[in-house]
Amino acid sequence: MEIGAAVTAVKGALDLARNAKDVNDRAQLNAAMSDIMGKLTTAQSDLLDLLTEHHRLIDENRELKSKLSKEERFDQYRLCKTPVGHYIYELKEEYVNEDKPAHAICVKCREEGLRSTLQEGDYSYYCPTCRTVADFQRHPGFAMSSGPTYNDPW
-2 MEIGAAVTAV
8 KGALDLARNA
18 KDVNDRAQLN
28 AAMSDIMGKL
38 TTAQSDLLDL
48 LTEHHRLIDE
58 NRELKSKLSK
68 EERFDQYRLC
78 KTPVGHYIYE
88 LKEEYVNEDK
98 PAHAICVKCR
108 EEGLRSTLQE
118 GDYSYYCPTC
128 RTVADFQRHP
138 GFAMSSGPTY
148 NDPW
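Residue 65 in this note's numbering sits at position 68 of the sequence shown, with consecutive numbering throughout.
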């Protein structure tokens, strides 16, 4: 619905009201009042449609701003591959400062829109939110396998 239609309906009702004030015939006056009521009802309906659309646009605007804000938060990170081959998002150097020390966030949580800071252990990062582990160093005494072998019962 356009604002112009509502304005036109109100203007038409006003014009009818101006003309009706000079009418002496009761039948003509009743017909004019009926026309005025019809135009005002149309204007009211149009304005309610506009109000509904206005609220929908406000909600859509709010959602888009929220989505943009979330994406901007993640622009501060870059996807990195650890020496062992796991992926993490590290805070870019230009954003590291006293209030925001160097850290990494979880790739899986990032895909869900969460910014979960990885906890650094001796050999790996650990996500307290989704429990993902991303190794950055091989564990001593722990042979990492690339997959099952023929001797493997599984």
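Glycine is no exception: its CB is placed at the ideal position from the N, C-alpha and C atoms.
Delimiting residues of the beta strand (DSSP E) encompassing residue 77: 74 to 78
Closest by C-alpha distance to residue 85, when choosing among 26, 121, 59, 58: 121
C-beta neighbour in chain B for residue 13, strict 8 Å: No chain B is part of this structure, which consists of one protein chain only.
Pairwise C-alpha distance: residue 63 and residue 131: 29 Å
Through-space distance from residue 133 to residue 116, alpha-carbon basis: For residue 116 and residue 133, the distance between alpha carbons rounds to 12 Å.
The region 10 to 19 in contact with the region 41 to 53 per 3-pair CB rule at 8 Å: Contact check between the region 10 to 19 and the region 41 to 53: fewer than three CB pairs, one atom from each, fall below 8 Å, which does not count as touching.
Per-residue DSSP class, three states only, for residue 115: Coil, per DSSP.
For residue 7, the three-state DSSP class (helix, strand or coil): helix
Where residue 92 falls, given that 16 or more other Cβ within 10 Å makes a residue buried: exposed
Per DSSP, cross-strand counterpart(s) of residue 237: Because the chain spans -2 through 151 in this model, residue 237 falls outside it and cannot be assessed.
For residue 88 and residue 78, the rounded distance between their alpha carbons: 13 Å
Under the three-state DSSP convention, the category residue 104 falls into: helix
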